[in-house]
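Just so we're aligned, residue -2 is where the sequence shown starts under our numbering, counting upward by one. Backbone N, C-alpha and C fix where the C-beta goes; we use that ideal spot for every residue, glycine too.
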Amino acid sequence: MMEHKLTTPVSKETLANLACGDEVLITGTIYTARDAAHKAMLKMVQEGERLPFDPRGAIIYFAGPSPAPPGFPIGSCGPTTSSRMDPFTRTMFELGIAAQLGKGPRGQEVTKTLVDFGGVYLVALGGAGALLAEKVKKAKLLAFPELGPEAVYELEVEDFPAIVAIDSKGNNIFKR
């Protein structure tokens, strides 16, 4: 296992060098989206609209941050169960995202999608939302404010820790 520093947007070449079990530290912009936001984005795509962010090389973080306490950019910001986003995964990779970040295992169709598009699935430590929030330097509401914590947020992160759970070759940490 190796440790890698990822800077967003992430290239396919960079992803190809990541192996299942590798540790990564993400710096740059990532976007939060849970199931309600994915449904809303899918509707946008079906209606010919553009997403609220440029998906090319993006990392989507499955999180619903809590409100920011005074003096902080964000509240607790831990990962949510990723399998709820499985139905939206192929479409998001077709649009050009590079990686998804969440927690827990994914379905076989997701692994196939990652191989087809050269993407990766990253996991963050569940139950450590307050610690992960320390890696968020700025947070901005981008879309769907009516969804509350499930809205799409743009997060500027520095050395946000994650592990490669499924690499671009289909190796899966949950199948070892």
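Contiguous beta strand (DSSP E) elements confined to the region 76 to 155 occur at 96 to 99, 117 to 120 and 133 to 140, taking only those with 3 or more residues.
Here the alpha carbons of Thr77 and Val117 stand approximately 17 Å from one another. Sequence-distant partners of Ala30 (beyond 5 residues in either direction) whose C-beta falls short of 6 Å from its own C-beta, in its chain, are Ile57 and Val149. It is roughly 6 Å from the alpha-carbon of Leu92 to the alpha-carbon of Pro52. Here Gly126 is buried, its C-beta having at least 16 other C-beta atoms within 10 Å. C-alpha of Asn168 to C-alpha of Glu155: approximately 27 Å in a straight line.
Within its own chain, the residues whose Cβ lies closer than 6 Å to the Cβ of Phe157, once the five positions on either side in sequence are excluded, are Ile23 and Lys132, listed in chain order. DSSP places Val21 inside the beta strand (DSSP E), whose first and last residues are Glu20 to Thr29. Only residues of its own chain outside the window of five on either side were considered, and among them Thr86, Arg87 and Phe90 have a CB closer than 6 Å to the CB of Thr110, listed in chain order.
In terms of CA proximity to Ala33, Leu144 leads the group Leu144, Ile160 and Glu151.
Glu0 has Glu20 as its beta-bridge partners, per DSSP.
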